[in-house]
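Comments concern the structure below.
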Amino acid sequence: MSPLDLLVATPLGFMLAALAFGGQGRWLILVASPLMMSLAVWLVFLPPDAAHVVGGWDLPLGILLRGDGVARVFVLGAALCAALVGLQALYEFSPQSGGPSARNRGFWPLFYLMWAGANAGFLTTDLFNLYVALEMVSLAGVGLSALGSLQAALRYFLFALMGSLAYLLGVALLFANYGTVDITLLARTAEADAATLMALAVMTGGLLVKSALFPLHGWLPPAHAAAPAPASALLSAIVVKLGFVILMRLWFEAFATLAAPIAVGLLGALGAAAVIYGSIQAMRQRQLKALVAYSTVAQVGYLFVAFPLVAAAPSAAWSGMTLHAVAHMLAKAAMFLAAGLMLKAAPGRDIADLVGLARVMPVTVTAFALAAISLMGLPPSGGFAAKFMLLDAALDQGAYIYAAVLLGGGLMAAVYLFRPIAVAFSGAHGRAVALKAPLAAVAPLALAMCAIALGFFGVAFAELAAIGAPWAQGDAIGGVP
Amino acid sequence: MNALVPLLLMFLPLIAAVISFALPERLAVWRNAFNILFAFVKLLLIGYLLREVEAGRSVEWRYEFLPGHDFLLRVDSLALLFVTLSVFLWLITTIYAIAYFGRGPNLARFFGFFNLCVLAATGVAISGTAITFFLFYELLTLATWPLIVHRGDEKSLRAGRIYLTYTLAGSAALLAGILWLKALVGPIEFTVPPDLGEVSPIALTLIFILCVGGLGVKAALVPFHGWLPEAMAAPAPVSALLHAVAVVKAGAFGIVRIIYDVYGVDTVAALNLGLPLAALASVTILYGSLRALMQSDLKRRLAYSTVSQVSYIILGASLVGPYAVIGGLVHLVHQGVMKITLFMCAGALANRMGIKTIADINGAGRSMPVTMFAFTIAALGMIGFPPLAGFISKWYLGTGGLQSGAPWVVAVLAASSLLNAAYFLPLIFRAWLLPRTAGTTVREFASAEDWMLVLPAAVTAALCVAVGVMAAWAFSPLGWATRIAETGYLQ
C-alpha cells in the first residue's frame, strides 16, 4: 500500500460507509478528518520521485499515480479544507439544525465522493483517469449545489456536462493519434499536427468551463451562492481547482512544447478580463454570498494571468501560481463558512443586514476579515506571498500590463471585501443575536489562519511545489534550452 | 542573543494584542495593567538597544520568507530614532486611552488593534529591506482601520472608507515601485545601497515618483492629504498617536529611507529629484497652514496643522544638505511630541468640557489650567518660540536651506511660522483671557481618571521644553539626529 492509493481509496470507503450508516454517518468525519490529514502529510514527506502503479500493471496499460510537487500541495490544501469544512458540516447538517433530513444525509456521500475525485485528479497523470476524476468531482459538485437550489444545480449540470464532453472528445482524439493518454508519454511524442492542436483546444475549452474562467463562468455564482455554506466552501475551494490543475498539466507538461505564445497570451487576457469583470460584479452585489461567489470568478482569473508568466519564466512564476491556488482554497473556504455563520445570525441575506456583527460574533468576523486579507493579497498572508511572486515575475519579464492587473485586482478586492467588514463593524445597536454554538466559528478561523500562515512559509512552499515540476528538468518548459 | 532582540520587539506587542483580544470585559483592569506593563518592558528594551547601537554594535535578525527575498529586522540609528519616539509615546497614550475611554464598548478590540499598530510601527522602523518595510507599512494600514471606525457611526465609517482608498492605492504604488526597482537591480537592502549606475534615469525617476507618491499618501503630502482631516472622526487617542505620530511618520520615515538608503544623496542630486520634492513639501507646508487657519473645528485645525508640519521632515530630507537632514530628522521626534500633546489636550477638553470648536474654548484655562498650560507650551513650540522643540527644528531647517543653496526655504519657514502663530495664538488668547461664555465648567482633578487624562499631556509638554533646552546632550533627539547624519549620510 502507498499513500497515493489510500488518498483515493479511503474517501471512497467513507462514502460507502456514509451511505450504509445513513443518519449516523455524519460522525464518520471525526475519523475521516484526522486520517486523511495524516495521509496528506505522509504524501508531502514521500521521497521526491514517489509514484505508484495501481495493480502492478505497467504503463501504458496501467494506472500511474504520481506524487509530484503540484499533487502534494493540492492534496494537502484540499485535505486541510475538506477536513475543516467537514467538521463544520457536522454542525451545519446535524439533525438539530432544522434542515430537511434528506439534505442532512445527502451531504456526506457527496462530500466523500468529491474528496476522492479531487485526490484522484491531483495524483493521476493519465488523461482518461483525469476524465473519471473530473466526472466524480463534477457530479458531487452538482449534487452539493442541489442541496441549495435545484435550478442553479441544473444549470451547473448542463455546463459541466458540456465541459466533460468537450474534454472527452479531446482525449479520444489524442488516443486515436498517439495510442496513449498518459501525460508523461505524450510529453515525449506529441507533435504539433492539426489533430493534436484540435484536441488541446477542445480539452482546454471544456476545462475552462469547469474552472469557471470568464466568459464561461455563468454557472458559478448562482450555484455557489445558493448552496449551504459548507457546500459552497467545497465548490469554490476544491471543485474549480481540479479543472485548473488539469489545465496546468496539459499546457506545461504534456504539450509544453506546442503551447504557442499567442494561445497562452489569450488565456492570460481572459484571466485579466475575469479579474476585472468578477471584481466589478462583486462590487455590485447586494447579497453577501453572491459577493463571495463573484470573488471566486475574479480569483480564478489570477490563476490564468499567471499562465503567460509561467510560460515565459517557469521557475519564478510556478510557485506563485500554485501558491495562489492553495491560498485561495483556504481563504475562500474560510470565507464561505464565516459568511454562512454570519448570515445565520443576521436578520437577512444582504450585506446591509450584517450591522453590528463584529460585536456579536467577533471570532467569526475575524475569520472573515483574515480570509479577506489573504484574498485581497495584503500582507502577511498566503495570498500576498502568491501575488508578490507573480508580480515579481511579471516585472522581471517586463509584463507591465499583467503587473497592473495584479495590483489593480488587489485594490478592487479591497473595495468589495471591506464593504461587508465595514458594515459588520458599524452600529452600536445591531439587531443580530449571537449563535448558540460558539465552537462553530473554530473551523473558519482555523482555515483563515492557515491562509495567513501560508504567507510565512513561502520558501518551503516553493520548494515543495517545485518537486518534479516539468520545468525543473530543463531551463525552459518542455526541456527547450 | 542580540539577534533575538528585534524579534522580541515584535512579539511583545503581539502578545499584548492577543491578551487584549482574549480577556473578557470584566477583566478590563488586567487588560489595562498588561498593556502598561508591556509598554514599559518595551521601553526598557529600547534603552538597552540605544546603548548597543551607541556602542556601534549592530542588531539584526534575518529570515528568507519568499524565494530571493529576505525578511530582515535591523536596528540602526535611524530606526532607533523612530522606535524610541513611538514606544515612548505609546506608553503615554496607553495610559491616556485607558482614562479617556473609561468603560466604553468594544475596548478589547480597541486595545488589541492598538497593539497591532505598535507592532507595525516598530516594524516599519526596524525593517532592513524594502520588502520588509512594505510588509509592515501595509500591516499598519490594516491595523489602523478598525481604530478609525471604532465608533461605528456613519461619520467614522466614511472616514475609514476614505482612509483605505487613499492608503491602499498608495501602498499599491509603493509595491510597484519597490518590485520594479528589484527587477532592475535585485533585492534592496537599506544598509547596502544598490548600484543604480546601470539603470536608465527615466526608469529611476518613475520609480522614485511611485515610491515617494505611495509613501506621500501616509505622510499626507499634498495632493494626497485628503484622508487625514477625515480620519479625525476617530477617538482622540487614535488621532493623537496614529494620525500625529505613527501613520504620518511611517510615510515620512519611508521617504527618508528612499532618499538616503535606497537612492543615496548623489543619485537624488544627479537626477534633480530633490528640488521638486522640496518644492512639493513647501507647498504642503503652506497649504496645510492656510487650511488650518480656516477650520472652526479644533481637531480639524490640528489635523491640517499635522499636514503642514510633517512636510518639514520631507523638506529637510529632500534638501540633502547636512543641516537640513538633521533638521528633518529631529523634527520627526519634535513634531511627534508637540502634536501628541496638542491632541491629548484637545481630547481632554472634549471629554471633560465638551469643547469641539474654536469658539467653545473661551475661558477653558480657568477650568482646566494644567491641560491648557500643556496645550500652550506645545502650541508655542509649534510656532517656533525658542528654546522649545519646534525652534530647534526650524533653526536647523533654515540653516540647512541656506547651506544647500535654497534660501527660499527660509521664506517658507517664516511664512509658515506666521501662519502657525495666526492659528494657534487666538486659541491661547481665548482660553486664558476671554471669559467662559457657554458650556460647563469643571474641576480639573475630580477623580483618579482625570489625573490619567491630564498628566500624559503634561509629561509630553515638559518634554517639548526638555528636548529644546537639552538639545546639546548626545541622547537628545538633536544629538541622535546629528549622529545619524554624521555616521550615515555625510561621508
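These protein sequence lines are chains Z and X, in that order.
Terminal number for the first sequence in this note's numbering: 481, no gaps in between.
Terminal number for the second sequence in this note's numbering: 1491, no gaps in between.
Cβ coordinates follow ideal geometry from the N, Cα and C atoms, glycine included.
1. Below 7 Å CB to CB, which residues in the same chain sit around residue 1141 (chain X) once its five sequence neighbours on both sides are set aside?
2. In chain X, which residues lie less than 8 Å from residue 380 (chain Z) when you measure between Cβ atoms?
3. At a threshold of 7 Å, does residue 20 (chain Z) count as lining the ligand GDP (C-beta to nearest heavy atom)?
4. Check the DSSP bridge columns for residue 1127 (chain X) and list the partner residues they point to.
5. Consider the Cβ of residue 1234 (chain X): report whether some Cβ of chain Z lies at a distance smaller than 8 Å.
6. Any C-beta of chain Z sitting closer than 8 Å to the C-beta of residue 1111 (chain X)?
7. Which residue spans inside the stretch 216-289 of chain Z form an unbroken alpha helix (DSSP H) run of at least 4?
8. Residues of chain Z with CB under 9 Å from residue 1065 (chain X), in chain order?
9. On the premise that residue 1139 (chain X) lies in contact with residue 1123 (chain X), defined as a C-beta separation below 8 Å, what is that separation, rounded to the nearest angstrom?
10. State whether the stretch 1034-1041 of chain X contacts the stretch 1014-1023 of chain X, with contact taken as three or more CB pairs (one from each stretch) at a distance under 8 Å.
11. The beta strand (DSSP E) with residue 1065 (chain X) in it runs from where to where?
12. On the CB-based measure, 16 or more other CB atoms within 10 Å of its CB, does residue 24 (chain Z) come out buried or exposed?
13. So, for residue 127 (chain Z): in the same chain, excluding its five sequence neighbours on each side, which residues have a beta-carbon less than 6 Å away from its beta-carbon?
14. Which whole runs of the alpha helix (DSSP H) in the stretch 1193-1247 of chain X are 4 residues long or more, in chain order?
15. Rounded to a whole number of angstroms, what is the C-alpha to C-alpha distance between residue 1187 (chain X) and residue 387 (chain Z)?
16. How would you call residue 238 (chain Z), buried or exposed, if buried means at least 16 neighbouring beta carbons within 10 angstroms?
17. Does the beta-carbon of residue 204 (chain Z) have 16 or more other beta-carbons within 10 angstroms, so that it is buried, or is it exposed?
18. Going by Cα to Cα distance, which pick from X:1299, X:1296, X:1300, X:1336 is closest to residue 1493 (chain X)?
19. Against chain Z, with Cβ distances strictly below 8 Å, would residue 1146 (chain X) count as a contact?
20. What does the alpha-carbon distance come out to for the pair residue 1155 (chain X) and residue 1214 (chain X)?
21. Let me confirm a value: residue 478 (chain Z) is counted as buried when at least 16 other C-beta atoms fall within 10 Å, else exposed. Which label applies?
22. Hey, could you find the ends of the alpha helix (DSSP H) residue 1036 (chain X) is sitting in?
23. Taking Cβ positions, are residue 147 (chain Z) and residue 227 (chain Z) nearer each other than 8 Å?
24. Got a sec? Which residues, its chain only, sit under 7 Å from residue 270 (chain Z) by beta carbon, not counting five neighbours each side?
25. Name the chain X residues that come within less than 9 Å of residue 359 (chain Z), Cβ to Cβ?
26. Using a Cβ-Cβ cut-off of 7 Å (strictly less than) and excluding sequence neighbours within five positions of residue 1318 (chain X), which residues of its own chain qualify?
27. In this structure, how does DSSP classify residue 68 (chain Z) when only helix, strand and coil are distinguished?
28. Rounded to whole angstroms, what is the Cα-Cα separation between residue 254 (chain Z) and residue 1010 (chain X)?
29. Which partner residues of residue 51 (chain Z) appear in the DSSP bridge assignment?
30. Please classify residue 1444 (chain X): does DSSP put it in a helix, a strand, or coil?
31. Check the Cβ-Cβ distances between residue 1149 (chain X) and every residue of chain Z, and say whether any is below 8 Å.
32. I'd like to know whether the C-beta atoms of residue 330 (chain Z) and residue 317 (chain Z) end up nearer to each other than 8 Å.
33. Rounding to the nearest angstrom, what Cα-Cα distance links residue 1292 (chain X) and residue 1162 (chain X) in this structure?
34. Between the Cα of residue 279 (chain Z) and those of Z:21, Z:91, Z:406, spot the shortest distance and give me the residue it belongs to.
35. Per DSSP, which residues does residue 350 (chain Z) bridge with? Please list them.
36. Anything in the stretch 1157-1177 of chain X with a Cβ closer than 9 Å to a Cβ of chain Z? List those residues in chain order, please.
Per the coordinate set shown:
1. Position 141 of the second sequence, counted from the first residue, corresponds to residue 1141 (chain X). For residue 1141 (chain X), same chain residues with a beta-carbon under 7 Å away, outside a window of 5 residues either side, are 1167, 1168, 1171 in chain order.
2. As a first step, residue 380 (chain Z) is located in the first sequence; it is residue number 380 there, counting from the start. By Cβ distance, chain X contributes 1135, 1139.
3. In the structure shown, the ligand GDP is absent, as is every other ligand, since no ligand is present at all.
4. Looking up residue 1127 (chain X) in the second sequence gives position 127. Looking at the DSSP output, residue 1127 (chain X) bridges to X:1073.
5. Counted from its first residue, the second sequence places residue 1234 (chain X) at position 234. Taking CB atoms only, residue 1234 (chain X) has no neighbour in chain Z less than 8 Å away.
6. For this step, residue 1111 (chain X) is matched to residue 111 along the second sequence. For residue 1111 (chain X), the nearest beta carbon of chain Z is not closer than 8 Å to its own beta carbon.
7. For the stretch 216-289 of chain Z, whole alpha helix (DSSP H) runs of length 4 or above, ordered along the chain, are 220-226, 229-234, 240-249, 261-284.
8. As a first step, residue 1065 (chain X) is located in the second sequence; it is residue number 65 there, counting from the start. Result: 380, 385, 455, 456, 457, 458, 459.
9. Here residue 1123 (chain X) refers to the residue found at position 123 of the second sequence. Here residue 1139 (chain X) refers to the residue found at position 139 of the second sequence. Indeed, because the Cβ distance is near 7 Å, the residues count as touching under 8 Å.
10. Touching, per the Cβ criterion.
11. Along the second sequence, one-based indexing puts residue 1065 (chain X) at 65. Boundaries of the beta strand (DSSP E) harbouring residue 1065 (chain X): 1059-1066, taken from the DSSP string.
12. Counting from one through the first sequence, the residue named residue 24 (chain Z) turns up at place 24. It counts as exposed.
13. Against the first sequence, residue 127 (chain Z) aligns to sequence position 127. These residues qualify, in order along the chain: 171, 181.
14. Runs of the alpha helix (DSSP H) spanning 4 or more residues and lying entirely within the stretch 1193-1247 of chain X occur at 1201-1218, 1227-1230, 1236-1241, in chain order.
15. Residue 1187 (chain X) sits at position 187 when you count from the first residue of the second sequence. Residue 387 (chain Z) sits at position 387 when you count from the first residue of the first sequence. Looking at the two C-alpha atoms, the distance is approximately 17 Å.
16. For the purposes of this step, residue 238 (chain Z) is taken as the residue at position 238 of the first sequence. In the assembly as shown, residue 238 (chain Z) is a buried residue. Its beta-carbon has 16 or more other beta-carbons within 10 Å.
17. On the first sequence, position 204 is the one that residue 204 (chain Z) refers to. Counting Cβ neighbours within 10 Å, residue 204 (chain Z) comes out buried, since at least 16 surround it.
18. Here chain X comprises residues numbered 1001 to 1491, so residue 1493 (chain X) is not present and cannot be evaluated.
19. The count along the second sequence starts at 1 and reaches residue 1146 (chain X) at position 146. Chain Z places a beta carbon closer than 8 Å to that of residue 1146 (chain X), counting this residue as a contact.
20. Reading the second sequence from its first residue, position 155 is the one you call residue 1155 (chain X). Reading the second sequence from its first residue, position 214 is the one you call residue 1214 (chain X). Distance between the alpha carbons of residue 1155 (chain X) and residue 1214 (chain X): 26 Å.
21. On the first sequence, position 478 is the one that residue 478 (chain Z) refers to. For residue 478 (chain Z), the pLDDT reaches just 40, beneath the cut-off of 50, and the residue's location in the model is therefore unreliable, although a value from the coordinates is still provided. Its Cβ being crowded by 16 or more others within 10 Å, residue 478 (chain Z) is buried.
22. In the second sequence, counting from the first residue as 1, residue 1036 (chain X) sits at position 36. Counted as a single uninterrupted DSSP element, the alpha helix (DSSP H) harbouring residue 1036 (chain X) occupies residues 1028-1054.
23. The count along the first sequence starts at 1 and reaches residue 147 (chain Z) at position 147. The count along the first sequence starts at 1 and reaches residue 227 (chain Z) at position 227. It is a contact, given that the beta carbons lie within the stated cut-off.
24. For this step, residue 270 (chain Z) is matched to residue 270 along the first sequence. Cβ within range, chain order: 213, 214, 304.
25. Position 359 of the first sequence holds residue 359 (chain Z). Residues of chain X passing the Cβ test: 1105, 1106, 1109, 1152.
26. The sequence position of residue 1318 (chain X) within the second sequence is 318, counting from 1. The answer, listed in chain order, is 1259, 1274, 1277, 1278, 1281.
27. Within the first sequence, residue 68 (chain Z) is the residue found at index 68, counting from 1. Reduced to three states, the DSSP call for residue 68 (chain Z) is coil.
28. Numbered from 1 along the first sequence, position 254 holds the residue referred to as residue 254 (chain Z). Numbered from 1 along the second sequence, position 10 holds the residue referred to as residue 1010 (chain X). Whole-angstrom Cα-Cα distance: 47 Å.
29. Translated into the one-based positions of the first sequence, residue 51 (chain Z) becomes position 51. According to DSSP, which records beta bridges pairwise, residue 51 (chain Z) is partnered with Z:66.
30. Indexing the second sequence from 1 puts residue 1444 (chain X) at position 444. Coil.
31. Here the question's residue 1149 (chain X) lines up with position 149 in the second sequence. At a cut-off of 8 Å, the C-beta of residue 1149 (chain X) has a neighbouring C-beta in chain Z.
32. Within the first sequence, numbered from 1, the residue matching residue 330 (chain Z) stands at position 330. Within the first sequence, numbered from 1, the residue matching residue 317 (chain Z) stands at position 317. It is not a contact, given that the beta carbons lie outside the stated cut-off.
33. Taking the second sequence and counting its residues from 1, one reaches residue 1292 (chain X) at position 292. Taking the second sequence and counting its residues from 1, one reaches residue 1162 (chain X) at position 162. One C-alpha to the other measures close to 20 Å.
34. Numbered from 1 along the first sequence, position 279 holds the residue referred to as residue 279 (chain Z). Distance check between residue 279 (chain Z) and each of Z:21, Z:91, Z:406 places Z:406 closest, using alpha-carbon atoms only.
35. Walking along the first sequence from the start, residue 350 (chain Z) turns up at place 350. Residue 350 (chain Z) has Z:287 as its beta-bridge partners, per DSSP.
36. Correct list: 1157, 1160, 1161, 1164, 1165, 1168, 1169, 1171, 1172, 1173, 1175, 1176.
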